[in-house]
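Taken in sequence, the protein lines are chains A and B.
Going by full-length UniProt numbering, the residue at position 106 of the first sequence is 106; the numbering climbs one at a time, nothing skipped.
Going by full-length UniProt numbering, the residue at position 112 of the second sequence is 112; the numbering climbs one at a time, nothing skipped.
Glycine included, each C-beta is placed from N, C-alpha and C at the ideal position.
There are 2 protein chains.
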Amino acid sequence: MAQVLQNKQVLFKGYIDGVPNETDMELKVSKIELNPPPQGSQAILVKNLYLSCDPFMRGRMRDFHGSYIPPFVPGQALEGFGVSKVIHSDNPNYKPGDFITGFTGWEEYSLIRRTEQLRKIHPDDAIPLSFHVGLLGMPGFTAYAGFYEVCSPSKGEYVFVSAASGAVGQLVGQLAKLYGCYVVGSAGSKEKVDLLKNKLGFDEAFNYKEELDLNATLQRYFPQGIDIYFDNVGGDMLDAALLNMRAHGRIAVCGAVSQQSLSKPKGIYNIYNLIIKHIKMEGFLQSDYLHLYPRFLEEVSSYYKQGKIVYIEDMNEGLESGPAAFVGLFHGKNVGKQVIRVAHE
Amino acid sequence: MAQVLQNKQVLFKGYIDGVPNETDMELKVSKIELNPPPQGSQAILVKNLYLSCDPFMRGRMRDFHGSYIPPFVPGQALEGFGVSKVIHSDNPNYKPGDFITGFTGWEEYSLIRRTEQLRKIHPDDAIPLSFHVGLLGMPGFTAYAGFYEVCSPSKGEYVFVSAASGAVGQLVGQLAKLYGCYVVGSAGSKEKVDLLKNKLGFDEAFNYKEELDLNATLQRYFPQGIDIYFDNVGGDMLDAALLNMRAHGRIAVCGAVSQQSLSKPKGIYNIYNLIIKHIKMEGFLQSDYLHLYPRFLEEVSSYYKQGKIVYIEDMNEGLESGPAAFVGLFHGKNVGKQVIRVAHE
Numbered sequence: 001m002a003q004v005l006q007n008k009q010v011l012f013k014g015y016i017d018g019v020p021n022e023t024d025m026e027l028k029v030s031k032i033e034l035n036p037p038p039q040g041s042q043a044i045l046v047k048n049l050y051l052s053c054d055p056f057m058r059g060r061m062r063d064f065h066g067s068y069i070p071p072f073v074p075g076q077a078l079e080g081f082g083v084s085k086v087i088h089s090d091n092p093n094y095k096p097g098d099f100i101t102g103f104t105g106w107e108e109y110s111l112i113r114r115t116e117q118l119r120k121i122h123p124d125d126a127i128p129l130s131f132h133v134g135l136l137g138m139p140g141f142t143a144y145a146g147f148y149e150v151c152s153p154s155k156g157e158y159v160f161v162s163a164a165s166g167a168v169g170q171l172v173g174q175l176a177k178l179y180g181c182y183v184v185g186s187a188g189s190k191e192k193v194d195l196l197k198n199k200l201g202f203d204e205a206f207n208y209k210e211e212l213d214l215n216a217t218l219q220r221y222f223p224q225g226i227d228i229y230f231d232n233v234g235g236d237m238l239d240a241a242l243l244n245m246r247a248h249g250r251i252a253v254c255g256a257v258s259q260q261s262l263s264k265p266k267g268i269y270n271i272y273n274l275i276i277k278h279i280k281m282e283g284f285l286q287s288d289y290l291h292l293y294p295r296f297l298e299e300v301s302s303y304y305k306q307g308k309i310v311y312i313e314d315m316n317e318g319l320e321s322g323p324a325a326f327v328g329l330f331h332g333k334n335v336g337k338q339v340i341r342v343a344h345e
Numbered sequence: 001m002a003q004v005l006q007n008k009q010v011l012f013k014g015y016i017d018g019v020p021n022e023t024d025m026e027l028k029v030s031k032i033e034l035n036p037p038p039q040g041s042q043a044i045l046v047k048n049l050y051l052s053c054d055p056f057m058r059g060r061m062r063d064f065h066g067s068y069i070p071p072f073v074p075g076q077a078l079e080g081f082g083v084s085k086v087i088h089s090d091n092p093n094y095k096p097g098d099f100i101t102g103f104t105g106w107e108e109y110s111l112i113r114r115t116e117q118l119r120k121i122h123p124d125d126a127i128p129l130s131f132h133v134g135l136l137g138m139p140g141f142t143a144y145a146g147f148y149e150v151c152s153p154s155k156g157e158y159v160f161v162s163a164a165s166g167a168v169g170q171l172v173g174q175l176a177k178l179y180g181c182y183v184v185g186s187a188g189s190k191e192k193v194d195l196l197k198n199k200l201g202f203d204e205a206f207n208y209k210e211e212l213d214l215n216a217t218l219q220r221y222f223p224q225g226i227d228i229y230f231d232n233v234g235g236d237m238l239d240a241a242l243l244n245m246r247a248h249g250r251i252a253v254c255g256a257v258s259q260q261s262l263s264k265p266k267g268i269y270n271i272y273n274l275i276i277k278h279i280k281m282e283g284f285l286q287s288d289y290l291h292l293y294p295r296f297l298e299e300v301s302s303y304y305k306q307g308k309i310v311y312i313e314d315m316n317e318g319l320e321s322g323p324a325a326f327v328g329l330f331h332g333k334n335v336g337k338q339v340i341r342v343a344h345e
């Protein structure tokens with residue numbers, strides 16, 4: 001007879017405008033029967049171990065169907081990247097005991113029907129399991145594809161990274177340093193600035209909240225101008241960077257976390273710099289580069305094992321802490337990649 | 001003894017903000033001795049036949065030294081592209097009677113000291129001399145380099161061109177049609193829209209001044225979305241185009257004529273579309289592609305001679321008409337490429 005267990009869930013309550021609040025989500029305790037998935041369903045039943053908090057999830061809280069990913073369904077559990085352990089499987093690619101990463105529910109146990117985009121993890125003592133939603137997951141791959149493929153870097157170039165201690169930025173900066181670039185990062189607290197300079201190896205870093213005139217700030221850190229701006233924030237920082245780009249500069253537009261909370265984003269006024277300096281500004285999604293994923297996994301795992309890069313996580317304990325952890329992203333509370341530990345293996 | 005002649009000139013009076021006015025320029029009649037240039041100077045003395053009115057000249061009227069080209073000098077003649085005939089030469093590359101194109105003064109006769117960027121014209125009865133500042137000059141080459149090199153077109157793609165009947169836009173649209181694209185243009189009058197549809201071969205065209213909601217307009221003309229936007233205007237049209245781009249679209253940022261007159265440009269609010277649709281937005285200057293100039297001249301001359309493309313000029317007679325013709329650019333008065341005929345050969 002099937003085992004019946006409690007299944008705590010974080011439910012999405014309904015569509016929102018502006019910054020997410022904890023009250024937009026609801027903790028519910030359901031029950032779940034740990035039955036094998038129906039025969040022929042190809043589904044797997046998993047126990048979730050780690051859940052990832054990512055800014056893009058905010059986009060799924062709006063009632064907007066024109067994006068690359070559909071909105072959440074009110075009344076159902078949130079969905080996001082996770083690391084899970086297979087309990088039952090109707091899929092020949094996965095067997096009980098396997099570790100997988102990919103989209104899962106914000107709950108203790110999930111039935112995953114769409115298994116095509118899951119990735120099996122081969123546990124490695126040298127690499128924490130949770131890194132598969134960070135350094136070796138979507139954020140890490142975003143940094144990798146964005147830096148190498150969108151920024152077209154050259155050795156010795158001047159690189160600026162915003163939200164530089166975040167899930168993506170911290171790897172962009174380290175890859176740029178390994179590539180031989182000069183790297184400056186911005187972040188929103190003294191603690192983060194210290195991490196950038198002392199732990200992540202950035203050449204310089206500043207706290208944007210203490211700067212009155214971002215144009216002057218960038219002039220100070222880049223008297224010769226910026227070759228590459230890896231933009232994780234949009235808004236005023238993007239506008240200031242446009243003024244400080246060098247000829248033939250490249251801007252990778254990766255995120256606009258400063259703008260996610262605004263129903264009408266702030267205007268960008270310095271677009272004309274694209275013309276006079278021949279700047280390429282390119283938005284991208286890591287999903288456009290999935291053919292590079294195997295190479296990324298190999299290279300970045302190897303860098304990590306060799307101690308050439310580090311990766312900072314902000315780990316919250318328990319599914320209950322999920323809503324606060326997610327909301328914290330939009331207030332810069334997380335220091336490093338925000339993860340929720342749902343269960344110890 | 002040297003011949004002494006009247007030399008009418010259009011002088012630049014002083015730095016301005018906002019839209020240029022005729023009163024920012026001054027007509028002056030000087031005298032000039034048609035002496036051979038000093039020996040060893042490498043200079044040439046020319047009689048100017050055609051002068052080109054180009055929006056980029058507005059940038060040289062500001063007291064701003066950070067651009068790719070220095071500002072005009074108050075009290076001196078304006079400078080711009082022209083077609084001229086050599087009268088005297090101290091340069092072995094040019095002899096009296098040669099026709100040349102390149103930077104010259106807004107005056108009847110000019111002493112040209114910087115001859116490196118001049119181009120000798122080989123007169124061809126099938127191609128009007130004035131086309132060397134239009135179809136075969138900087139605007140035509142801007143269209144050519146921008147369309148082929150920046151837009152990376154594919155056959156069958158949906159192309160939108162703003163300021164489509166202008167010096168650059170009219171060629172972009174025709175090149176795109178020859179390439180097998182579907183092409184829609186915007187312009188600012190019924191007359192221009194008629195030209196686009198009936199003479200220049202655009203699939204569709206609209207008068208942006210009659211449209212209340214540019215987003216809805218573009219949705220109507222591009223129900224499937226835009227693959228390539230060749231942006232000659234910036235501002236609201238760029239913002240509306242961003243909303244209507246397809247995934248992996250490309251925006252060539254060529255000009256921002258709608259913004260040239262504003263001391264503070266309007267904001268662009270839809271930059272986040274770059275991310276969700278993986279759009280590349282690239283500013284460019286034709287001068288970055290000069291290695292393609294010979295190929296451009298050959299191909300576009302050949303298209304023209306075969307009747308595959310046409311080119312519309314707006315010809316003003318006499319240097320006196322220069323200031324009004326130039327100012328007219330910023331009010332959309334010109335229909336086609338604005339040229340001033342200074343003298344008949």
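Rounded to whole angstroms, how far is the Cβ of residue i from the Cβ of residue j, which I believe are closer than 8 Å?
i: A241 (chain A); j: I228 (chain A); result: Wrong, their Cβ atoms sit about 10 Å apart, outside the cutoff.
i: A343 (chain A); j: N48 (chain A); result: 7 Å
i: Y50 (chain A); j: V335 (chain A); result: Rounded, the Cβ-Cβ distance is 17 Å, inconsistent with contact.
i: V184 (chain A); j: F160 (chain A); result: 5 Å
i: E107 (chain B); j: Q9 (chain B); result: 4 Å
i: T142 (chain A); j: R119 (chain A); result: The Cβ separation is near 15 Å, so there is no contact.
i: M207 (chain B); j: A187 (chain B); result: Reading the sequence as shown, one finds Asn at residue 207 (chain B) and not Met. That pair is a contact at about 6 Å.
i: C151 (chain B); j: R60 (chain B); result: Contact doesn't hold; Cβ gap of about 27 Å is too wide.
i: K280 (chain B); j: K280 (chain A); result: 7 Å
i: G255 (chain B); j: P55 (chain B); result: 6 Å
Should residue i be labelled buried (16 or more other beta-carbon atoms within 10 Å of its own) or exposed?
i: D17 (chain B); result: exposed
i: F326 (chain A); result: buried
i: L302 (chain A); result: The sequence as given places Ser at residue 302 (chain A); Leu does not occur at that position. It is exposed - the Cβ of S302 (chain A) has fewer than 16 other Cβ atoms within 10 Å.
i: D124 (chain B); result: exposed
i: G82 (chain B); result: buried
i: Q224 (chain A); result: exposed
i: Q294 (chain A); result: One detail in the question is off: residue 294 (chain A) reads as Pro in this sequence, not Gln. Under this definition P294 (chain A) is an exposed residue.
i: L78 (chain A); result: buried
i: A163 (chain A); result: buried
i: T23 (chain A); result: exposed
i: K337 (chain A); result: buried
i: K199 (chain A); result: exposed
i: R58 (chain A); result: buried
i: D213 (chain A); result: exposed
i: F64 (chain A); result: exposed
How is residue i classed by DSSP in three states: helix, strand or coil?
i: H278 (chain B); result: coil
i: F230 (chain B); result: strand
i: F222 (chain B); result: coil
i: T104 (chain B); result: strand
i: V73 (chain B); result: coil
i: Y303 (chain A); result: helix
i: L196 (chain B); result: helix
i: Y144 (chain A); result: helix
i: R295 (chain A); result: helix
i: D314 (chain A); result: strand
i: S152 (chain B); result: coil
i: Y289 (chain B); result: helix
i: N273 (chain A); result: helix
i: E191 (chain B); result: helix
i: V19 (chain A); result: coil
i: G185 (chain A); result: strand
- Query: If contact means a Cβ-Cβ distance below 9 Å, which residues of the region 269-282 of chain B contact chain A?
  - Reply: Y269, N270, I271, Y272, N273, L274, I275, I276, K277, H278, I279, K280, M281, E282
- Query: Which residues, taken in chain order from the region 284-299 of chain B, show a beta carbon closer than 8 Å to some beta carbon of chain A?
  - Reply: Residues F284, L285, D288.
- Query: Just by C-beta distance, which residues in the region 7-21 of chain A are closer than 7 Å to chain B?
  - Reply: Here the close residues number zero.
- Using a Cβ-Cβ cut-off of less than 8 Å, list which residues of the region 211-240 of chain B approach chain A; keep chain order. G234, L238
- For the region 35-59 of chain A, enumerate the residues whose C-beta is nearer than 7 Å to any C-beta of chain B, in chain order. none
- Below 7 Å between beta carbons is the criterion; list the residues of the region 68-97 of chain B that meet it against any residue of chain A, in chain order. Contact annotation: in the region 68-97 of chain B, residues whose CB is within less than 7 Å of a CB in chain A are Y68.
- Identify each residue in the region 140-152 of chain B for which the Cβ-Cβ distance to at least one residue of chain A is less than 8 Å, and report them in chain order. none
- Every unbroken alpha helix (DSSP H) within the region 109-145 of chain B, with a cutoff of 4 residues, ordered by chain: 138-145
- Query: Looking at chain B, which residues of the region 161-192 of chain A have a Cβ within less than 9 Å of any of its Cβ atoms?
  - Reply: none
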